[in-house]
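S.K.:
In our numbering, the protein residues as written are 2 to 80.
1. CB-CB under 7 Å to residue 42, same chain, minus the five flanking residues each way: which ones, in chain order?
2. Tell me the DSSP bridge mates of residue 61?
3. Could you tell me whether any Cβ in chain D is nearer than 8 Å to the Cβ of residue 50?
4. DSSP three-state label for residue 41, please.
5. Can you tell me whether DSSP reads residue 51 as helix, strand or coil?
6. Which whole-angstrom value describes the C-beta separation of residue 27 and residue 60, a residue pair presumed to lie in contact below a C-beta threshold of 8 Å?
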């Protein structure tokens, strides 16, 4: 399997990726009521990065409170 394209670098526009492994977006629902990620969620993304996932895309996040779909959804309303 070492000859597989999956483990070879790829360039997508200006973005260079180490491999072709992608974590697709999905809603994790593991943030506090203010939209800040839990330690569990941070650990999850850390493990993906340590595992050398080529591209990690986050799940749904809200930009303003009216766009929040559930109580544990991550938000980008504040930094």
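Quick reminder that beta carbons are idealized off the backbone N, C-alpha and C, glycines included.
M.R.: From the atom records:
1. Walking along the chain shown from the start, residue 42 turns up at place 41. 29, 31 and 32, listed in sequence order.
2. Here the question's residue 61 lines up with position 60 in the chain shown. Per DSSP, residue 61 has no beta-bridge partner at all.
3. Absent from the structure: chain D. Only one protein chain is present.
4. If you number the chain shown from 1, residue 41 lands on position 40. Under the three-state reduction of DSSP output, residue 41 falls in the helix class.
5. As a working note, residue 51 is residue 50 in the chain shown. Residue 51 falls in the helix class under three-state DSSP.
6. Position 26 of the chain shown holds residue 27. Position 59 of the chain shown holds residue 60. Your pair residue 27 and residue 60 checks out as a contact, with CB atoms roughly 5 Å apart and the cut at 8 Å.
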